[in-house]
Ligand code: GLN
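Numbering (UniProt numbering), first residue to last: 27 to 476.
Right, dumping it as structure tokens:
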């Protein structure tokens, strides 16, 4: 813990932590030492972790990287972090992120953008760590935590993991409790770990996952010993290659990595099967209707009365307006406006209902694929990390999620593992998509690739 606290202080230029909690960390580490001395060590005893600012941590600032939650200290602890503390983990601090987890580059944070520790070959120019869990990914890559919590609504665990050469898994919807996780789009949000390798991710997810009476969408499904599958041979496993994931404009090196990784798996005895997921191309537009719709509803609670910031006005309505105008950043305001529009009478059927139908079709594509394959292999992102300020058009930014959003729309588990380096020396990630509640196979195959 002391070593990590020291490293954190030296790496503040990354802007990965928004709150450091050294006193709490030392107290938790001391309690760990005491348990170890009594031979009562938990599965994560003494392991120092960073926590995404989206998780409520009792008495510790939790702002979802938003101005509107200024000074909010929850009087409760999220279920996921409670599970980690139960197993002996130590909290180092809260990690930066895109505001309310909306973004793919960590440039929408009220606290300013996060820097990726990686650089292009022969360049010292800063790069984004991806988003929205950019603080988590950057901190893991820079060794300023041993692992981190993150969340994924459309790719926010997998894309930053791909951009930083780390491992990130979004478990099946319902695997981890959402209780105490600030809501973005409730039917898509899932918590998961970002870690240095597949084994660490497996150990962390085992601890984070649980059924929880406080989240009725969490599912009572046994959590296997994920670590036990690491190193298990993949001979005979059927790996699907969906042809719809070959999209125009993807750099040749990403497609080449994808082909190469299929070959690695084949060499280890897996069977490579070409499959079709015909509704893939509708996933991104449908996601950018469903997610903002749910966000506009979830973010209605930030009204200047219940939490954080209050900007006074002449009457209560102008107080609401002033608070929300000052408290939300531009991307969050854009989402609230899109969401309100697609849910409004007259547009609801044309946009929202239709997007939900598309969602069902996407899920059915996968249901059919599972007759033929055990796991699906795709690239994690359509490019390696880019520079801050490089993408200014929001729709261009949304295209970053092209390979990841289908997984959230279908509620499936997806992992990103580092596959290799680009010509410019940047990490590129591969994504494995699994059957519902079959995270174990993702760890097994992920380890065969890493
Ligand atoms: N980049 C996507 C968005 O901005 C996904 C975010 C996420 O997964 N939290 O909505």
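Glycine included, every Cβ here is placed at the ideal spot set by N, Cα and C.
Residue i and residue j closer than 8 Å at C-beta
| i | j | result |
| --- | --- | --- |
| residue 463 | residue 264 | no |
| residue 176 | residue 143 | no |
| residue 419 | residue 180 | no |
| residue 117 | residue 80 | no |
| residue 196 | residue 433 | yes |
| residue 206 | residue 320 | no |
| residue 199 | residue 437 | yes |
| residue 213 | residue 182 | no |
| residue 322 | residue 349 | no |
| residue 188 | residue 372 | no |
| residue 34 | residue 49 | no |
| residue 227 | residue 221 | yes |
| residue 173 | residue 73 | yes |
| residue 296 | residue 170 | no |
| residue 184 | residue 457 | yes |
| residue 378 | residue 369 | yes |
Given residue i as reference, the closest of the options once Cα atoms are compared
| i | options | result |
| --- | --- | --- |
| residue 300 | 397, 196, 318 and 267 | 267 |
| residue 294 | 325, 260 and 287 | 260 |
| residue 211 | 135, 169, 362 and 236 | 362 |
| residue 244 | 329, 378, 105 and 153 | 105 |
| residue 204 | 460, 416 and 82 | 82 |
| residue 306 | 227, 378, 390 and 235 | 390 |
| residue 465 | 208, 446 and 248 | 248 |
| residue 342 | 329, 127, 374 and 410 | 329 |
| residue 241 | 383, 251, 331 and 217 | 217 |
| residue 186 | 290, 239 and 412 | 412 |
| residue 414 | 421, 396 and 130 | 130 |
| residue 108 | 275, 84 and 128 | 84 |
| residue 449 | 54, 282, 273 and 167 | 282 |
Residues of its chain near residue i, where Cβ-Cβ distance is below 6 Å and the 5 sequence neighbours each way are ignored
| i | result |
| --- | --- |
| residue 405 | 280, 284 and 429 |
| residue 384 | 308 and 312 |
Contact set for residue i: own chain, Cβ-Cβ below 7 Å, skip 5 residues either direction
| i | result |
| --- | --- |
| residue 224 | 193, 256, 443, 469, 472, 473 and 476 |
| residue 451 | 146 and 147 |
| residue 381 | 312, 315 and 316 |
| residue 364 | 318 |
| residue 140 | 40, 41, 42, 122, 132, 155, 160, 161 and 164 |
| residue 71 | 58, 61, 62 and 114 |
| residue 237 | 244, 245 and 246 |
| residue 460 | 401, 438, 439, 467 and 468 |
| residue 52 | 27 |
| residue 277 | 409 |
8 Å Cβ shell around residue i - same chain, five flanking residues per side excluded
| i | result |
| --- | --- |
| residue 69 | 113, 114, 229, 232 and 233 |
| residue 288 | 265, 267, 298 and 403 |
| residue 398 | 264, 266, 299 and 301 |
| residue 136 | 89, 91, 92, 93, 125 and 355 |
| residue 327 | 333 |
Query raised in the report: Taking the runs of the alpha helix (DSSP H) that are 4 residues or longer, which of them lie wholly in the region 192-268?
Result: Fully enclosed alpha helix (DSSP H) runs of 4 or longer: 224-234.
Query raised in the report: If you pair each beta-carbon of the region 304-312 with each one of the region 357-375, do three or more pairs fall below 8 Å?
Result: The region 304-312, when compared against the region 357-375, does not touch it at the 8 Å Cβ threshold.
Query raised in the report: Would you say the region 114-131 touches the region 37-49, given that touching needs at least three Cβ pairs under 8 Å?
Result: yes
Query - the region 103-113 / the region 147-161 touching (three or more Cβ pairs under 8 Å) - result: no
Query raised in the report: Is it true that the region 326-345 meets the region 81-97, where meeting means three or more beta-carbon pairs spaced less than 8 Å apart?
Result: Output reads yes: the region 81-97 touches the region 326-345.
Requested in this report: Please go through the region 39-64 and give each complete beta strand (DSSP E) segment of 3 or more residues, from N-terminal end onward.
Outcome: 43-46
Report task. Starting from the N-terminal side, write out each stretch of the alpha helix (DSSP H) that is 4 residues or longer and does not extend beyond the region 64-123. Result -> Complete alpha helix (DSSP H) runs here, min 4: 105-112.
Report task. Ignoring anything shorter than 3 residues or poking outside the region 121-155, list the beta strand (DSSP E) runs there in chain order. Result -> The region 121-155 contains no whole beta strand (DSSP E) run of 3 or more residues.
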